[in-house]
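Contents: one structure, followed by commentary.
Protein chains: 2
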Amino acid sequence: MNSLSSRREKTPAKASNDEILDIATRAFAAKGFEGARMDEIAKDANVNKATLYYRIGDKDALYEAVLKRIFTAKVKRLEQMLATVDDVEERIRVFASILVDGDQPQQFSAIMLREIAGGGDNLPDDVLPLMGRIVGALRQTLEQGVKEGRFRPVNPFLVHMALVGACTFYASNGPIRRRVAALAPDGSALKTEMTLPDAAQAIADVLLNGVRKS
Amino acid sequence: MNSLSSRREKTPAKASNDEILDIATRAFAAKGFEGARMDEIAKDANVNKATLYYRIGDKDALYEAVLKRIFTAKVKRLEQMLATVDDVEERIRVFASILVDGDQPQQFSAIMLREIAGGGDNLPDDVLPLMGRIVGALRQTLEQGVKEGRFRPVNPFLVHMALVGACTFYASNGPIRRRVAALAPDGSALKTEMTLPDAAQAIADVLLNGVRKS
DNA sequence: AACTGGTTTAACTGTTTGGTTAAATATATA
DNA sequence: TATATATTTAACCAAACAGTTAAACCAGTT
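So the sequences go chain by chain: Z and A. Be aware that the first sequence starts at 34, since it is given in the working numbering, and climbs by one per residue. Be aware that the second sequence starts at 34, since it is given in the working numbering, and climbs by one per residue.
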């Protein structure tokens, strides 16, 4: 709505490297590594394909740049939170909400789900430490809760899988859920549209009930 | 080890249609719809590509056949269980274990995760009712538990997402977990190798604690 | 043995794909 | 302004891909 040329359908002017990564992230999330097309990413970014290669590199390099960026952002938010929120239950709740927030939460979720499904076939080594820090953030919180006598002793990694699995799964399930819902009778829980933050909170609540010492 | 020609690396003799579907399932699970190659599937099945097309059809038809088969099998097992297990808590537990059992549980999980990630882009309409019946199976159990006064009233679909998300996520996370674990210090929970059924039980337990009326 | 209908196959096709090249253009420096 | 350097581009390429074709093959039937 600013200048005339500001925004039509896609990016109108030649995209910056950061905008290229935005567009590539969208493509990889929607279609996966194999399904995403370099030509299409270049076109959407209003950049010649050779420029894309000159600036960023080949498909692997582009994918690596995308993954590093989204995981770094996620880790940063999680660790900032860890430093400011003290209560262990609140930390779990905030952890869940951070998992599904950010610019395009479905994109992070979709990429995560695809990488898990593929056994990390395209996962660059550089993102492994970032994933480790995400796991570590939750583990630390769970251990603290146990030490404070508020959580039952649980396998932290298992809770991690449950929380991350449930949240990312939920974050991306919209389109399929709606198609299934169209076949279901009225009043089905499938037809309830829940916001992502609300769903994350509800999932965190159920899991907290599960780990809380009674 | 039986006859000389029984089994070398892959399928030695020309594969039956059912064996073709086995091989295609493996391919789609490992590489996704876009990543799987018709040439490779035909070769692995020891069948000419034209025969694959003659017998089954194009890539979409093959994918549809694969999805129908694995979802039908899963629904069948779930509904058989529903008819024989009465206790609602036990039903949830068995539900979780059925999610991760069968011939190749990782394959079902991987395909599920990929479809969720892609918004069901390649998901044929015919499998939607099957997914609906999976959701329905758990919903019915949860509602029964509420009616019996044993479960808190919860959004059944949300619990469904948590259970299916956590179990399928866990079922496929092995390769990545091991890579991350290699960077973690000794004694990390990441290094604990848990069998799939055990993990499913643990996840079901945590969720059950979450929905149980105290 | 000759015919018939289903089945398999090697070879092929047209297109899409990731990636490159060499020339053109913009930018900075002297 | 002349020169060097960085960036962009249209055109191109070889490989990979899903899908087809026409001929060969095989099983049964007469």
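Think of the CB as a built atom: it goes at the ideal place given N, C-alpha and C, for glycine as much as any other residue. Owing to the predicted nature of the structure, the values given are computational and were not obtained by experimental measurement.
With respect to the alpha helix (DSSP H) encompassing residue i, which residues constitute its N-terminal and C-terminal limits?
| i | result |
| --- | --- |
| residue 244 of chain Z | 229-244 |
| residue 172 of chain Z | 161-180 |
| residue 67 of chain Z | 50-68 |
| residue 73 of chain A | 71-77 |
| residue 185 of chain A | Per DSSP, residue 185 of chain A belongs to no alpha helix (DSSP H) and is neither H nor E. |
| residue 47 of chain Z | It is not in any alpha helix (DSSP H) - residue 47 of chain Z carries neither H nor E in the DSSP assignment. |
| residue 224 of chain A | Unbroken run through residue 224 of chain A: none, as it is neither H nor E. |
Decide if residue i is buried, meaning its Cβ has at least 16 other Cβ atoms within 10 Å, or exposed.
| i | result |
| --- | --- |
| residue 78 of chain Z | buried |
| residue 83 of chain A | exposed |
| residue 246 of chain Z | exposed |
| residue 40 of chain Z | Note that residue 40 of chain Z scores a pLDDT of 33, beneath 50, so its modelled location is shaky; the value from the coordinates is reported in the next line. That one is exposed. |
| residue 55 of chain Z | buried |
| residue 92 of chain Z | buried |
| residue 87 of chain A | exposed |
| residue 186 of chain A | exposed |
| residue 126 of chain Z | buried |
| residue 36 of chain A | Low local confidence applies: a pLDDT of 33 at residue 36 of chain A is under 50, so the model's placement there is unreliable, and no value is given. |
| residue 97 of chain A | buried |
| residue 90 of chain A | exposed |
| residue 138 of chain A | buried |
| residue 189 of chain A | buried |
Quick one: is residue i near chain Z, going by C-beta distance under 8 Å?
| i | result |
| --- | --- |
| residue 52 of chain A | no |
| residue 165 of chain A | yes |
| residue 328 of chain A | Outside the displayed span of chain A (34 to 247) sits residue 328 of chain A, for which this structure offers no information. |
| residue 128 of chain A | no |
| residue 118 of chain A | no |
| residue 216 of chain A | yes |
| residue 186 of chain A | no |
Using a Cβ-Cβ distance cut-off of 8 Å, determine whether residue i contacts chain A.
| i | result |
| --- | --- |
| residue 59 of chain Z | no |
| residue 96 of chain Z | no |
| residue 150 of chain Z | yes |
| residue 170 of chain Z | no |
| residue 103 of chain Z | no |
| residue 247 of chain Z | yes |
Based on Cα-Cα distance, which residue from the options lies nearest to residue i?
| i | options | result |
| --- | --- | --- |
| residue 248 of chain Z | Z:134, Z:238, Z:226 and Z:49 | The displayed coordinates of chain Z run from 34 to 247. Any statement about residue 248 of chain Z would go beyond what the structure contains. |
| residue 63 of chain A | A:208, A:242, A:222 and A:236 | A:208 |
| residue 158 of chain Z | A:170, A:156 and A:212 | A:212 |
| residue 220 of chain Z | A:169, A:115 and A:174 | A:169 |
| residue 227 of chain Z | Z:200, Z:146 and Z:85 | Z:200 |
| residue 107 of chain Z | Z:233, Z:180 and Z:163 | Z:163 |
| residue 51 of chain Z | Z:204, Z:189, Z:216 and Z:100 | Z:100 |
| residue 124 of chain A | A:176, A:74, A:216 and A:59 | A:176 |
| residue 141 of chain A | Z:193, Z:149, Z:143 and Z:141 | Z:149 |
| residue 46 of chain Z | Z:136, Z:223 and Z:81 | Z:81 |
| residue 217 of chain Z | A:166, A:116, A:136 and A:146 | A:166 |
| residue 267 of chain Z | Z:136, Z:224, Z:223 and Z:112 | No answer is possible for residue 267 of chain Z: it lies beyond the span of chain Z, which begins at 34 and ends at 247. |
At a cut-off of 7 Å, is residue i close to the ligand SAM when judged by its beta-carbon and the heavy atoms of the ligand?
| i | result |
| --- | --- |
| residue 241 of chain A | Among the components of this structure there are no ligands whatsoever, and the ligand SAM is therefore not found. |
*Which runs of the alpha helix (DSSP H), 4 residues or longer, sit entirely within the segment 198-222 of chain A?*
207-214
Q.
Quick check on the DSSP output: what are the complete alpha helix (DSSP H) runs of length 4 or more inside the segment 114-155 of chain Z, in order along the chain?
A. 121-132 and 138-150
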